[in-house]
Every structure is written in structure tokens, then in C-alpha cells.
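Notes to accompany the following structure.
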Amino acid sequence: FRNQSKSVNHTCDQNMTSAKKQPYVNPRIRGISDDDEKEVLRKLQLLCRYDSENEMVNLETVTNKWKKAAWKALQELISFSGEKTTEQEILSKVGIDPATITLKPEEL
């Protein structure tokens, strides 16, 4: 999650730097005061921050849904196998480290 957040923030930072160097000039507006320019930049920064936070929340939600679905699929696989095996054993058979994917029911 952190890498994607840095990527989004980096893009916002680039856009903000670009806006400061070459601000967009609407042909219908003759001039803009420094205070107005600062206010526009402040609003853009807030927008960038909101977008990156919102994106991270969505990513976490999707990840949690995937974990729940994977946990249910694992439970079904165990019930279909007819053998008395644990989740850990099945994951080990297919080469998946349970700690890596954090498939623990108390975390779901």
C-alpha cells in the first residue's frame, strides 16, 4: 500500500510543481492575484490528498474482500477433499506461505 501511496503523492507533487511553474491561464480571466493563486494551489493540494486517501481505502476494501473469498475457497477445498487436513497443510502443498498472505480468520 505504501508504494502506491507514494506514487500517487509523487504524481500530485509533480502536478503541483508544474502548476506553480506554468500556471494555467484562463483566457477569460485577465489576471489572478497572488492570494487567489495560493488558494487555488491549496485546493488542488487538498484534492490530491483526498484522492490518494480515497484510493487507498478502496484498495484496502478490495484486498479484504479478496482475503475473505480466498478463506472461503480454502474452507470449501478442505471440505471437498474428504481428508482431515488443515488450512496450513493445504497451503503448504501448493507452496503458499500462510503468513505471507495473512489468511487468518481472526484478521478477516
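Here the sequence shown is numbered in the UniProt record's numbering, starting from 1 and rising by one per residue.
Cβ coordinates follow ideal geometry from the N, Cα and C atoms, glycine included.
Review point. Do you know offhand how far K67's Cα is from C48's?
Key: 29 Å
**Study point:** Length of the line joining the Cα atoms of A70 and T61
**Key:** 14 Å
Exercise for review: Kindly indicate the opening and closing residues of the alpha helix (DSSP H) around I90.
Suggested key: Run containing I90: 87-93, per the alpha helix (DSSP H) assignment.
Review point. From N58 to D35, what does the alpha carbon distance come to, in whole angstroms?
Key: Cα-Cα distance, rounded: 35 Å.
Point to revise | Residue closest to T86, alpha-carbon to alpha-carbon, out of E37, Q75, K38 | key: When E37, Q75, K38 are compared, the shortest CA-CA separation from T86 is found for Q75.
Exercise for review: State the DSSP-derived secondary structure class of S33, mapped to helix, strand or coil.
Suggested key: Residue state, collapsed to three classes: coil.
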